[in-house]
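Residue numbers (our numbering): 54 to 178. All C-beta atoms in this analysis are idealised placements derived from N, C-alpha and C, irrespective of residue type, glycine included. What follows is a single structure, written as structure tokens, with notes after it.
Spelled out as structure tokens, the structure:
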């Protein structure tokens, strides 16, 4: 759900950037009606600010959370919080990142084949 000063994180692994981009891409039909992304449908996210999503696919594996998230908005605030959440995960398993800002995911802890909800952190932008 939309919530100020929150950011929700999903991480995954995709073979290539095109597959990842297609998974998170929203589109519109010929009448201008909004078509949700596969990402939205998988996690039952009804709506979010399309200007408040940041994502990336990286070709080289990272060995730590900081390398994975550096450069995203509020990285100095969110990296320590997500480091705690990911301390028992193998970061090298991830190369695809989705951050939804001003959004606190409260849905089912669903894990699709390629993308996993990690958690929500506080951020002031």
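Does residue i pass the burial test, meaning 16 or more other C-beta atoms within 10 Å, or should it be called exposed?
| i | result |
| --- | --- |
| residue 180 | With the chain covering only 54 through 178, there is no way to say anything about residue 180. |
| residue 161 | exposed |
| residue 123 | exposed |
| residue 129 | exposed |
| residue 153 | buried |
| residue 96 | buried |
| residue 100 | exposed |
Could you check what DSSP says for residue i in three-state terms: helix, strand or coil?
| i | result |
| --- | --- |
| residue 78 | coil |
| residue 174 | strand |
| residue 156 | strand |
| residue 109 | strand |
| residue 87 | strand |
| residue 139 | coil |
| residue 131 | helix |
| residue 166 | coil |
For the beta strand (DSSP E) that contains residue i, what are its first and last residues?
| i | result |
| --- | --- |
| residue 59 | 55-65 |
Between residue i and the rest of its own chain, which residues show a CB-CB distance below 7 angstroms, the 5 nearest in sequence each way excluded?
| i | result |
| --- | --- |
| residue 171 | 62, 63, 64, 135, 138 and 139 |
| residue 169 | 63, 64 and 65 |
| residue 147 | 64, 65, 66 and 121 |
| residue 157 | 54, 56, 59, 61 and 173 |
| residue 103 | 79 |
| residue 70 | 110 |
With respect to the alpha helix (DSSP H) encompassing residue i, which residues constitute its N-terminal and C-terminal limits?
| i | result |
| --- | --- |
| residue 119 | 118-122 |
| residue 145 | Unbroken run through residue 145: none, as it is neither H nor E. |
Using a Cβ-Cβ cut-off of 8 angstroms (strictly less than) and excluding sequence neighbours within five positions of residue i, which residues of its own chain qualify?
| i | result |
| --- | --- |
| residue 75 | 91 |
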